[in-house]
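Undergrad:
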Amino acid sequence: GYQYLHALVTLPLTRIYLFALCFLALFHWAHRFRYTLYDGLQIKHLNELIFVCCYGGAIFGTALAGYLLWNFH
160 GYQYLHALVT LPLTRIYLFA LCFLALFHWA HRFRYTLYDG LQIKHLNELI FVCCYGGAIF
220 GTALAGYLLW NFH
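Mapping of the sequence shown onto the working numbering: position 12 corresponds to residue 171, and the numbering continues sequentially without gaps.
Laid out in structure tokens, this is it:
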């Protein structure tokens, strides 16, 4: 139930695992989405913008996940 999950997420090792899971998922998404835009929409001429948006979003999401996990009570 809720109390079990709450107790589990308060453990530091679980927080590290969840942070790593978010990190890997977001950067995997950024990489796949970047090449989907390049190959699927044929917009390789916007290389720098796509790179910054995709990986910037992954960095922002990872930082947000870290902040939320760090401040979870």
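Cβ atoms here follow ideal geometry from the backbone N, Cα and C, with glycine treated the same way.
Grab the span of the alpha helix (DSSP H) containing H187 for me, first residue to last.
TA: Residues 171 to 199.
Undergrad: What is the DSSP secondary structure of H204, counted as helix, strand or coil?
TA: DSSP places H204 in helix when its eight states are reduced to three.
Undergrad: With a threshold of 6 Å on Cβ separation, who are the neighbours of F192 within its own chain once the five nearest residues in sequence on each side are excluded?
TA: The answer, listed in chain order, is C213.
Undergrad: Take the Cβ of I202 as the centre, count every other Cβ of all protein chains shown within 10 Å, and call the residue buried at 16 or more, exposed below.
TA: Label assigned to I202: exposed.
Undergrad: Whose CA, out of L200, H190, T221, lies closest to the CA of F210?
TA: Of the listed residues, the one whose Cα sits closest to F210 is H190.
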